[in-house]
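S.K.: One structure coming up, written as structure tokens, with questions to follow.
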């Protein structure tokens, strides 16, 4: 499974996107095809697996929920 993290550049979400990327890769390793970062704007902080949005709550960033959601899809 390939995960894409789209994050708002003007909002300063790069650090949390990188943290999430590192957490997912260290937790799931080779079970994932990859975790890519995609710059965005307008408050976006969205995680996608293929065409499916699996997390999109920039104000309530919760890495535990994100990890559990990815785990359920593997």
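Numbering (our numbering), first residue to last: 314 to 387. Ideal placement from N, C-alpha and C gives every residue a C-beta, glycine not left out.
1. If you check the beta carbons only, do residue 337 and residue 383 fall under 8 Å apart?
2. Report yes or no: do three or more beta-carbon pairs, one from the region 341-354 and one from the region 366-375, lie closer than 8 Å?
3. Any idea if residue 319 is buried or exposed, counting beta-carbon neighbours within 10 angstroms, 16 or more meaning buried?
4. Which residue comes first and which comes last in the beta strand (DSSP E) that contains residue 317?
5. Let me check one thing: in DSSP terms, what residues is residue 372 bridge-paired to?
M.R.: Once the coordinates are examined:
1. Looking up residue 337 in the chain shown gives position 24. Looking up residue 383 in the chain shown gives position 70. Contact flag set, yes.
2. Touching, no.
3. Sequence index remark: in the chain shown, residue 319 carries index 6 (1-based). Buried: at least 16 other Cβ atoms inside 10 Å.
4. On the chain shown, residue 317 is found 4 positions in, with the first residue counted as 1. 315-321 is the span of the beta strand (DSSP E), which, as asked, contains residue 317.
5. What you label residue 372 is simply residue 59 of the chain shown in a count that begins at 1. Residue 372 pairs with nothing; no bridge assigned.
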